[in-house]
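Trainee: Take 1279 as the starting number for the sequence shown in my numbering and just add one per residue. No residue lacks a Cβ here, since even glycine has one placed at the ideal position from N, Cα and C. For reference, the structure I am asking about is given below.
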Amino acid sequence: MNIAQVAPLYETVPPPGYGGTERVVSWLTEELVRLGHKVTLFASGDSNTRARLIPGCPLSLRTDPNCQDFLAPHLLMLEEVRKRRDQFDVVHFHTDYLHFSLCREWRQNHLTTLHGRLDLPALAPLYREFNEVPVVSISQAQRRPLPFANWIGNVYHGLPDNALRFHRGPGKYLAFIGRMSPEKRPDRAIEIACATGMQLKIAAKVDRADRDYFRSKIEPLLDRSNIEFIGEIGDNQKADFLGNALACLAPIDWPEPFGLNMIEAMACGTPIIAFRHGSVPEIIENGVSGIIVDSVEEAIEAVDRVKRMSRAACRGAFEERFTSRRMALDYVQLYEQLAEDSMSLRKLSFSLPSKSEEEPILEDAA
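Put into structure tokens, the structure is as follows:
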């Protein structure tokens, strides 16, 4: 198939550090190329891909010192997609809802993967208005606020099976990786580590929006001897960071749509201790790839339990459910279904009689 992938422009594809959506787009794009599909990637010009790259801007917007407007480059990229849309069998958007009006009148096959949280009040009227746009969830939990959206599938994220090395362990510390934000609850991670006497290593990105939270709530906790703040790390550092850990902590306090950190830890054979929110019960097989908890007290108890878990079984759960090949094949099924449905509609429209072919209405004789 001839497939277009349309990525956000905030980060490169793939990003050098943190960047969930752009990283997933990269894994999907490269796997589709490996499967023999012709793929065009619309992304920032500093992206790295084996697909044909059409740049939406020279540099990723977060790293471009001259970028003052994040919206304008996205609109220009979407216009470029519109001009070229007839080149593709399917256009796969990852740009939230920016393109909904643009493709409303398209006969082109398209779908949109929604990567973010959907429980914000302003989203319900938007998805009611655009209820014909085909959308894909990344977990069943993500769908709950918008059951009326035009869901055509659910595809869990996946990463290359050789991206992160399996570590037989045992690990020696607790790991926290992700964003330094209130909903990720790094404060809970610190509390768990201190209660168990374990060392905690924190590899987290501090966004501009989260700086006040970091400085006021987290920095004062970092002077403890068992807490090590590393900062943002790249893919080349994740295997050792996660693989050498006893467990990866995901003490979240929000409806997480997916959580890449969980499958990255699983790929290393490192179990996850995660709070029961959002996608967690879908991603983690309790007792196999991690332990699901409902409180800090349960998380503290779980630290001892993970010492007896099989890291090989944890890796096996990843290989069975969360590889990029499985993700790509799931999306190809959706692409083919869209193409089949579109063909059926075209055949139906050709089979309907035109007005000239319709039988005339006979008036009653007077």
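Would the stretch 1521-1530 count as touching the stretch 1429-1436 if we require 3 or more Cβ pairs under 8 angstroms?
Mentor: Touching, no, given that fewer than three Cβ pairs across the two stretches are closer than 8 angstroms.
Trainee: Grab me the residues of Ile1551's own chain with a C-beta within less than 6 angstroms of its C-beta, minus the 5 sequence neighbours each way, in chain order.
Mentor: Your numbering for residue 1551 matches position 273 in the sequence shown. So the list reads Ala1525, Leu1527, Ile1569, Ala1577, Ala1580, once near-sequence residues are dropped.
Trainee: Name the two residues that bound the continuous alpha helix (DSSP H) containing Phe1519.
Mentor: Here residue 1519 corresponds to residue number 241 of the sequence shown, with the count starting at 1. Per DSSP, Phe1519 belongs to the alpha helix (DSSP H) from 1513-1521.
Trainee: Taking the straight line between their C-alpha atoms, what separation do you get for Arg1593 and Gly1547?
Mentor: Position 315 of the sequence shown, counting from 1, holds the residue named residue 1593. Position 269 of the sequence shown, counting from 1, holds the residue named residue 1547. Near 5 angstroms, if we compare the C-alpha coordinates of Gly1547 and Arg1593.
Trainee: Rounded to the nearest angstrom, what separates Asp1518 and Arg1385 at their Cα positions?
Mentor: As a working note, residue 1518 is residue 240 in the sequence shown. As a working note, residue 1385 is residue 107 in the sequence shown. Going by the C-alpha atoms only, they are around 47 angstroms apart.
Trainee: Asn1539 and Ile1455: beta carbons closer than 7 angstroms?
Mentor: Stepping through the sequence shown from its first residue, residue 1539 is reached at position 261. Stepping through the sequence shown from its first residue, residue 1455 is reached at position 177. Yes, Cβ-Cβ distance for Asn1539 and Ile1455 is below 7 angstroms.
Trainee: Per the DSSP calculation, Ile1569 is bridged to which residue(s)?
Mentor: As a working note, residue 1569 is residue 291 in the sequence shown. In the DSSP output, where bridge partners are listed per residue, Ile1569 has Ile1551.
Trainee: Count the other C-beta atoms from every protein chain shown that fall within 10 angstroms of the C-beta of Leu1452, then say buried if there are 16 or more, exposed otherwise.
Mentor: On the sequence shown, position 174 is the one that residue 1452 refers to. Leu1452 comes out buried.
Trainee: Between which two residues does the beta strand (DSSP E) containing Glu1506 stretch?
Mentor: Taking the sequence shown and counting its residues from 1, one reaches residue 1506 at position 228. 1505-1507 is the extent of the beta strand (DSSP E) around Glu1506.
Trainee: Whose C-alpha, out of Glu1289, Asn1326, Ile1561, Gly1431, is nearest the C-alpha of Val1610?
Mentor: Here residue 1610 is taken as the residue at index 332 of the sequence shown, counted from 1. Val1610 has its Cα closest to that of Gly1431, out of Glu1289, Asn1326, Ile1561, Gly1431.
Trainee: Is Phe1600 near Ile1505, with beta carbons less than 7 angstroms apart?
Mentor: Numbered from 1 along the sequence shown, position 322 holds the residue referred to as residue 1600. Numbered from 1 along the sequence shown, position 227 holds the residue referred to as residue 1505. No. Outside cutoff.
Trainee: Would you tell me roughly how many angstroms separate the C-alpha atoms of Arg1485 and Pro1460, rounded to the nearest one?
Mentor: Your numbering for residue 1485 matches position 207 in the sequence shown. Your numbering for residue 1460 matches position 182 in the sequence shown. Note on residue identity: the sequence assigns Asp, not Arg, to residue 1485. Their Cα atoms are separated by approximately 12 angstroms.
Trainee: Would you check if the stretch 1293-1309 and the stretch 1375-1383 touch, i.e. whether three or more CB-CB distances between them fall below 8 angstroms?
Mentor: In short, these stretches do not touch, since the Cβ pair count stays below three.
Trainee: With DSSP run on the structure shown, which of helix, strand or coil describes Phe1600?
Mentor: Counting from one through the sequence shown, the residue named residue 1600 turns up at place 322. Of the three classes helix, strand and coil, the one that applies to Phe1600 here is coil, per DSSP.
Trainee: Does the stretch 1394-1411 come close enough to the stretch 1507-1517 to have 3 or more Cβ pairs within less than 8 angstroms?
Mentor: No contact exists between the stretch 1394-1411 and the stretch 1507-1517.
Trainee: Going by DSSP in three states, Pro1333 sits in which element: helix, strand or coil?
Mentor: The residue labelled residue 1333 in the question sits at position 55 within the sequence shown. In this structure, Pro1333 counts as strand in the three-state DSSP scheme.
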